[in-house]
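Q: Quick mapping for you: the protein sequence lines, in order, are chains A and B.
Counting with my numbering, you get residues 32 to 1052 for the letters of the first sequence.
Counting with my numbering, you get residues 24 to 517 for the letters of the second sequence.
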Amino acid sequence: MNAMKKVLVSLLSLLCCSLQIIAQQRTITGTVTNSQDGSPVAAASVTAIGEKASVITGSDGSFSLNVSPNAKQLQVSYIGLETLTVDISSTSVVTISLAPASGSLQDVVVVGYSTQKRTTITGAVSSVNMKDLDQRRVADVAQSLQGQVAGVQVSQSTGAPGDQINIRIRGEGTIGNNSPLFIIDGIPSRDISFLSPADIQSMTVLKDASAASIYGSRASAGVIVITTKSGRKGKTNVDINYFNGIQKVTNLPKMLNASQYMSKVEEAWKNSGYTGTNPYTSDKGRSDLANTDWLNELFEPGHSQNLQVTASGGTDKVQYLLSAGYYKQDGIVIYNNDGYERFNFRTNINASITDRLTIGTNLQFSSAEQDKLSSKGDAPGVIRHALIRPPIIPVYKNTSDPTYSERDPFTDLPFYKKPWDNSKNIYEFSSNPVALAHFTNDKRSNLKTFGNIYAEYAFLRNKELRFKTNLGVDLNLTHNKAFNPNFGDDDGGGSGVDRGLGRKNRPNGLDENRGQETTITWNNTLNYSKSFNKHVISALAGSEFITNRSSSIGASRQRFEFTQENFQYIDFGGTANLYNGGSAAEWALFSLFGSATYMYDTKYMVTANFRGDASSRFAQNNQWGYFPSVSVGWKIYNEKFMQDISWLSDLKFRASTGKLGNQEIDNYAFLTLLRKSGDQFLISRYGNPDLKWESTTQHNVGLDIGVLRNKVYLSVDYFEKKTSDILLPISLPSLVGNVSPTIINAGEVTNKGIEIALNLSNNNRLFNYSVNANVATVINRVQNLHPNLPSIIGDVSKTEVGHPLNSYFGYVMEGIYQNRAEITRHLSGTTNPPNKPGDIRFKDINGDGMINDKDRDYIGNSIPKLSYGLNLSGGYKGFDLSVLFQGVDGVNRYNGAKQITDYDSRPFNHSERVLNSWNGEGSSNSIPRATFNDNGSSKRSSIFVEDASYLRLKNLEIGYSLNSFSAIPKLGIQNIRLYVSAQNLFTSTNYTGLDPESTDIVDQGTYPQSQAFLFGINVKL
Amino acid sequence: MKSAYKVLAVVLILSGLSCKKELYKDPIGLLTPDQINTDPTLNTVRSSVTSSYQMLANTLNLLGEWRWDLGIVFRNDIILQDMASDDVKKKWNPDGDQAWMDDVSTFNFTSSNQAFNGQWSYDYEGISRSNLAISYLTDPAITSKIGIDDALKNRLLAEVYFLRAFYYFDLVNNFGDVALLTKPLQSFADAYSAAKRESKDKVWAQISADLALAKPLLPNTRYSDNTEKWRVSKGAVVAMQAKVALYNQKWQEVVTAVTELEGLGFALNANYFDNFSVTKEFNENEVIFAYDHKTGMTPRNGNGLSAPLDWGFIAPTTSFLNEFEPNDPRLSYTVDVSKKAVYKLLGATNIVYKGNDDAPGNKLYIRMADALLWKAEAYNEIGNFPLAIALINKVRERARTGITIDSSMVPAGTLPDRNVGSTDKAQIKSWLMHERRVELGFESQRFNDLKRWKIAKEVLMAVGKNFKDFNYYYPIPQGEIDKSGGTISQNTGY
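Right under this line is the structure:
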């Protein structure tokens, strides 16, 4: 936290420097209009760049300004509109049209099925500042949201290219699915990984019930409304953006080298009470010991590049935008088997057929392919094996080794000799992570068509009533293909024809499956708006129908005689043990909804929403769920008594309450179902015919304060969210057999929190800057579970009433046993305790002199209590700078990798920390003895639970625009901007695992996020 | 023009409403029990019987993928019967891997230990499958619809009656009073009404009733089906009846039943290891009931225990190794300490299958030597000492006269006959105890024997275990008590 403060202070002081401007002679006249409706913009600020001269436009938008003869550019700015720079080197009369700026007060915010002016919004709605987001240079829109919006927490559980990114809005509301709903051009989706960040015009986060309840049944985890860019009438714009960058791994733990490792295992053997000669002592003298730094061998610099070309423009009648993008990344693990590649093409067209009828389409086609590397976990766990593999084993076999082959030059079993006898092996027979990375061949591709076509017709004399029909399609074709070649040493296993093969992927095999999923969405809305005197009324009514059908087919074969890529097709596999399978599922949702807003005198506003949803996921008697909400706003600033406070520019109080739903469960969960296993039909799950919606009630109060013409803008929200009738999978007693849990409605979880967003901006000067800071807290509590499910017990976690979801639960480490007497005293109730001095001493919570399951307690919190982000950006002349800090606080992580790197009792490699392990009375009270016996490290305990709070400099970008050079406009180029960008430049954390951003309950050693350096160019024609 | 749009708008809204019918479509890609019950096939009924066997298998991950945390990676007999006894330890070298097994072994466990959950889950899944098969085979509507012939129907029914009895036998021994389910559930709410423990006597009565129902339905032949020899035979039912009698000290019944078994053609093999050898499966005289593992099947049906055996799991204790008399050839067949290989479980006297998680070796449940020693025990208890000693000597004789692992002759004087003239009941019993331990080591008999003989505490305390009187029954899995909402009670002491 301290580091953040320092950076903040120094940046702010930098921004506050003032500048000298020199005055000259020459008159420029012109008008400033709003590009949206062509209306004149009064009180806009017009400044000649590089000069003192500055003027404010009149009520008709006109201005006249004296400048020096060599003045080349004017900068025009107005609150709520984009600042624009125009060329005056060859003209003295200009017409300036300003486009609305995103994220500001006058902005029109896209909310449910309609738009609303920011100033009149009564719910908790956050617009994402697209300018900040633009500079994130990441592949995934979700990733770019990190640190941008108060109460929106984005985390990546691994850093592998193309891996999934989690978004949580206002905490974890339920035990099941907590992902928000995305609405892209009016079409709902659960995924946004296919979108190119460059195609997005605006993003609005609907956080509270009043904002989101128009999306009813699927909105309980919040809604993010995304609108893609569209063309504007006028000159054709072409925007070309290219960047190229490298990534490198950071923050690796220091592992033991070969001689440290040998001493460690030698010591462990000695401490294990074995008799005879220590085999490691004699092995220390071996001549074939390597000294391999496995982490260093595994990671290499990664590489990414991105090209995006967008052309847009249009006439009064037709506007268009065409874009094409290409993104490619090769990750930081050696060999190119951890990559991600995406093409996307977009066509957005709007056409006015008559002055009442508009039609349009927003259509995207994308193709993405991920080279899937096992990025976390145990099997095969490329990263994990790099941590545990003894350094004494070389990466490659000696070419003179009889088991060496060019195809598989890698070492596998330690000091392998044929025939292998594992009982004589004294080293950990981990996998060779470099070999795992080399032989990984798992491609997951997705072809997607996503988009909509719509028609909108305006009725009544003043076009007050508009009817819109919008038809969306989401078509996904997935294809996963993994060829698992045989490799590794022959350990004598395998049966029949597989005898004699290497132990990995024995026999070789190909798994291939294809899936198809189609979602059709059709919504029809009627929108009415009317203002008369001091009254403003708007109303919305609509229906929506969504149907989804998915099917998949897969096959696998083994024992391919030819393994070259051109034979990696099912036909070429052996016919023994072949497998094929296929399945299908469908669901549908039908909804009716309405919304009404009334505003009086721009002071008092009230909005009411209502939605009814019927879902095929519930039995007929429980299909309908109803989701009402209401919100009120009081624009205090517009009251007469506020008029005297000149420094205040906005003050609004908001309050809302409402109900949201969740239906994210398996299809047909209300039915008892059978599964087929071989020839047998087995009960897979007993259905619950009474299953119904999970519902979330949310209350929100908020205050918006604008100061100094809204240059400083603060929003504060407090929310309480209560999720009840949680869709809870409840395991039946095992005495009914092995069945999947039945889903019931039970349990209640609350989330409470405060969100603060602060914006500072100054666009009026040559030296412009903005600060966007946000911070959010959330307190999560389980209020209620089912009587038959008093707690949900995970491997290291427990969910129980009175505690946050998935709290860490285990033994509490007290120290290290220093001597035998201490053990006897502490374990007075245990017969012949097997513990030895140097073992971990756990707290005997129930005081019975035994350490067992009854001595476990809550040992940490897996959900961050505080998350924050800080965006700073500034520009001076052609230079611009943007900085993003992001972090979380009040969170723990179970560092499962530490269990193996520090305390494991197998002959794994260990981190340098074990050099300080207990070695005689008084030597350590924190790190147990090195031993092959159980020193207590096998128990799930607080020793592995670490503070995973972090502060990260996520992004730093410096750009330079060449448009002040006169050559640029002459070439017909609007601007050329060059930039360098750095990601994850700096991290402050006490977490000792590979990445504090890992969100897995147990961090078993994930593919870490990398440090990236990018260079890019942006050309606007 | 304008009115045309108005009409169109209304039409669109109304057609939107008509989409509602999509909500009531029948599920696709799934089967409900109704569909099977209303339209059964011979194959679904036959396979329901086959699937009832599966929970006796050593195949890995039958109930999940690597769920060590639930104790269901493999069937836990080896943990609950062998590691808990004084015969077997978790690993050749002690370490912190799967420490819950150590907790069972040292009797430092609590009711949350997954070993109990695992065994309970396997047994009740077996019962659930058996109940489903029984419900098909006893429903005249179904049997007539599929046109099954009586001989086949009777045989299949007998198989599942036996299996249900077998699973309950395991439960009642491990846990005492247990929930007694004899019908498939109709809905998930039934799960809670069924979740209550019945007295041991009721469970034993159910076991006896099922076995009594099974016995007359099976042919009087060595195998009930000559192509699928792994199926439950009359011999298996009679042997189980003998075992039930033994565990309830009904000595005369034990004698009668084992005698009947001998009449069905079961006898000791000439060579001890023929019981375990993959090459001799269903081609020997002694095995009465075993699970037939096959390699390379889809879905898998191999013996997966060879994988943990390769990871260093399942090793003999010193006490077990010391129990063998000098030159007893059974020791080398059971375990090779230098090679860290448990041959009995690997199905071969070499390590070809070690590490193969899809090995062909069968899992042995009942064999004739075991049954003969029951009979010996029964004779001893009813005072017929000469016959008791004769049976013990019969087992010893086979051990010393068969070929040894290295095909050598056993030295003269090895495993001498016990004194046939002895009338010292305690001495004969100690001979019997010794003989059972060395003959049946690693076959998941030892802990039950110690409990039956009421010497578990004395024997296990002597090897440093924390055994207490209440450990005669294992705890009901804590999760099961929680999941029932407390209608299932815990055993005393836990």
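Virtual Cβ for every residue (Gly too), placed ideally from N, Cα, C.
#1: In chain A, what lies closer than 9 Å to Pro498/B by C-beta?
#2: So with CB distances below 9 Å, who are the chain B contacts of Arg937/A?
#3: Going along the chain, which residues of its own chain have a beta-carbon closer than 6 Å to the beta-carbon of Asp529/A, five neighbours each way excluded?
#4: For Val358/B, name the three-state secondary structure that DSSP assigns.
#5: So, do the segment 746-760 of chain A and the segment 196-210 of chain A have three or more beta carbon pairs nearer to each other than 8 Å?
#6: Identify the continuous alpha helix (DSSP H) that holds His469/A and give its terminal residues.
#7: Over the uninterrupted alpha helix (DSSP H) stretch that includes Leu155/B, give me the two end residues.
#8: So within the segment 347-378 of chain A, which uninterrupted beta strand (DSSP E) runs reach at least 3 residues, ignoring any that extend past its ends?
#9: Answer yes if the segment 696-709 of chain A comes into contact with the segment 53-61 of chain B, meaning at least three C-beta pairs across the two stretches below 8 Å, and no otherwise.
#10: How long is the line joining the alpha carbons of Gln360/A and Gln917/A, rounded to whole angstroms?
#11: Can you give the beta carbon distance from Thr773/A to Ile785/A, rounded, assuming they're within the 8 Å contact cut?
#12: With which residues is Met844/A paired in a DSSP beta bridge?
#13: Nearest CA to the CA of Arg317/A: which residue from Asn327/A, Lys867/A, Ala289/A?
#14: Assign Gly134/A to one of two classes, buried (16 or more other C-beta atoms within 10 Å of its C-beta) or exposed (fewer than that).
#15: Report buried or exposed for Leu739/A, applying the criterion of at least 16 other Cβ atoms within 10 angstroms of its Cβ.
#16: Could you pull the start and end residues of the beta strand (DSSP E) that Tyr273/A belongs to?
#17: Along the segment 623-644 of chain A, where does the CB come closer than 8 Å to a CB of chain B? Name the residues.
#18: Alpha carbon to alpha carbon, what distance is there between Lys929/A and Leu326/A?
#19: Would you identify the three-state DSSP class for Asp393/B, choosing helix, strand or coil?
#20: Spell out whether any CB of chain B is found under 8 Å from the CB atom of Gln1035/A.
#21: Using a cut-off of 8 Å between C-beta atoms, extract the partners of Val45/B located in chain A.
#22: Give the single residue among Arg249/A, Asn1006/A, Leu176/A, Thr633/A whose Cα lies nearest to the Cα of Ile1056/A.
#23: Please report the straight-line C-alpha distance between Ser997/A and Lys1051/A, rounded to a whole angstrom.
#24: Could you run through the segment 315-327 of chain B and flag, in chain order, every residue whose CB is less than 7 Å away from some CB of chain A?
#25: Taking the beta strand (DSSP E) that Lys985/A belongs to, which residues open and close that run?
#26: Hey, could you find the ends of the beta strand (DSSP E) Pro339/B is sitting in?
#27: In its own chain, which residues sit with a C-beta less than 6 Å from the C-beta of Glu304/B, not counting the 5 before and 5 after it?
#28: Name the chain B residues whose beta carbon is nearer than 9 Å to that of Asp1120/A?
#29: Considering only C-alpha positions, which residue in the set Gly967/A, Thr628/A, Leu763/A is nearest to Gly846/A?
#30: At the level of alpha carbons, what is the spacing between Leu562/B and Asn416/B?
#31: Quick one, are the C-beta atoms of Glu309/B and Ala401/B less than 8 Å apart?
#32: For Gly612/A, count neighbouring C-beta atoms within 10 Å of its own C-beta (all shown protein chains included) and say buried if the count is 16 or more, exposed if not.
#33: CB-CB under 7 Å to Pro440/A, same chain, minus the five flanking residues each way: which ones, in chain order?
#34: Given this structure, state the Cα-to-Cα distance separating Phe336/B from Asp125/B, to the nearest angstrom.
#35: In angstroms, rounded to a whole number, what distance separates the CA positions of Trp476/B and Gly425/B?
#36: Do Gly333/A and Gly362/A have their CB atoms nearer than 8 Å?
A: Walking through what the data contain:
#1: Position 475 of the second sequence, counted from the start, is the residue given in the question as residue 498/B. Result: empty, since nearest Cβ-Cβ is about 11 Å, beyond 9 Å.
#2: Here residue 937/A refers to the residue found at position 906 of the first sequence. Within 9 Å Cβ-Cβ: Asp118, Gly119, Asp120.
#3: Here the question's residue 529/A lines up with position 498 in the first sequence. Answer for Asp529/A: Arg537, Pro538, listed in chain order.
#4: Counting from 1 along the second sequence, the entry for residue 358/B is found at position 335. Three-state result, Val358/B: coil.
#5: yes
#6: Along the first sequence, one-based indexing puts residue 469/A at 438. Segment 464-470, the alpha helix (DSSP H) holding His469/A.
#7: Position 132 of the second sequence, counting from 1, holds the residue named residue 155/B. Note, Leu155/B: alpha helix (DSSP H), 137-160.
#8: 349-361
#9: yes
#10: Here residue 360/A refers to the residue found at position 329 of the first sequence. Here residue 917/A refers to the residue found at position 886 of the first sequence. So the alpha carbons of these two residues sit roughly 23 Å apart.
#11: Numbered from its first residue, the first sequence carries residue 773/A at position 742. Numbered from its first residue, the first sequence carries residue 785/A at position 754. The Cβ separation is near 38 Å, so there is no contact.
#12: On the first sequence, position 813 is the one that residue 844/A refers to. According to DSSP, Met844/A bridges with Phe873/A.
#13: In the first sequence, residue 317/A corresponds to position 286, counting from 1. Among Asn327/A, Lys867/A, Ala289/A, the Cα nearest to that of Arg317/A is on Ala289/A.
#14: The count along the first sequence starts at 1 and reaches residue 134/A at position 103. Caution applies to Gly134/A, whose pLDDT of 42 falls short of 50 and renders its modelled position unreliable; the value that the coordinates give is listed next. It counts as buried.
#15: Here residue 739/A refers to the residue found at position 708 when the first sequence is read from its first residue. Leu739/A comes out exposed.
#16: As a first step, residue 273/A is located in the first sequence; it is residue number 242 there, counting from the start. Start and end: 265-280.
#17: none
#18: For the purposes of this step, residue 326/A is identified with residue 295 of the first sequence, where counting begins at 1. For the purposes of this step, residue 929/A is identified with residue 898 of the first sequence, where counting begins at 1. Near 15 Å, if we compare the C-alpha coordinates of Lys929/A and Leu326/A.
#19: As a working note, residue 393/B is residue 370 in the second sequence. Three-state DSSP puts Asp393/B in a helix.
#20: Indexing the first sequence from 1 puts residue 1035/A at position 1004. For Gln1035/A, the answer is no, since every Cβ of chain B falls outside 8 Å of its Cβ.
#21: Locating residue 45/B in the second sequence gives position 22, counting from the first residue. Looking at the sequence itself, residue 45/B is Glu, so the reference to Val does not match. Those within 8 Å of Glu45/B in chain A are Phe576, Thr578, Ala619, Phe621, Ser647.
#22: Any property of residue 1056/A remains undetermined from this structure, which presents chain A solely from 32 to 1052.
#23: Walking along the first sequence from the start, residue 997/A turns up at place 966. Walking along the first sequence from the start, residue 1051/A turns up at place 1020. Each residue's alpha carbon lies about 15 Å from the other.
#24: Thr318, Gly319, Thr321, Pro322
#25: Residue 985/A sits at position 954 when you count from the first residue of the first sequence. Looking at the DSSP string, the run of the beta strand (DSSP E) that includes Lys985/A is 981-992.
#26: Sequence index remark: in the second sequence, residue 339/B carries index 316 (1-based). That run of the beta strand (DSSP E) goes 336-339.
#27: As a first step, residue 304/B is located in the second sequence; it is residue number 281 there, counting from the start. Asn385.
#28: Since the first residue shown for chain A is 32 and the last is 1052, residue 1120/A is missing from the structure and cannot be characterised.
#29: Taking the first sequence and counting its residues from 1, one reaches residue 846/A at position 815. The residue with the shortest Cα to Cα distance from Gly846/A is Gly967/A.
#30: Summary: the structure shown does not reach residue 562/B, with chain B confined to residues 24 through 517, and so no result is reported for it.
#31: Here residue 309/B refers to the residue found at position 286 when the second sequence is read from its first residue. Here residue 401/B refers to the residue found at position 378 when the second sequence is read from its first residue. Going by C-beta atoms, Glu309/B is not nearer than 8 Å to Ala401/B.
#32: Locating residue 612/A in the first sequence gives position 581, counting from the first residue. Answer is exposed; the Cβ neighbour count stays below 16.
#33: One-based indexing of the first sequence puts residue 440/A at position 409. These residues qualify, in order along the chain: Tyr427, Lys428.
#34: Here the question's residue 336/B lines up with position 313 in the second sequence. Here the question's residue 125/B lines up with position 102 in the second sequence. Cα to Cα, Phe336/B sits roughly 11 Å from Asp125/B.
#35: For the purposes of this step, residue 476/B is taken as the residue at position 453 of the second sequence. For the purposes of this step, residue 425/B is taken as the residue at position 402 of the second sequence. Distance between the alpha carbons of Trp476/B and Gly425/B: 30 Å.
#36: Within the first sequence, the letter at position 302 stands for residue 333/A. Within the first sequence, the letter at position 331 stands for residue 362/A. For Gly333/A and Gly362/A, yes; Cβs fall inside 8 Å.
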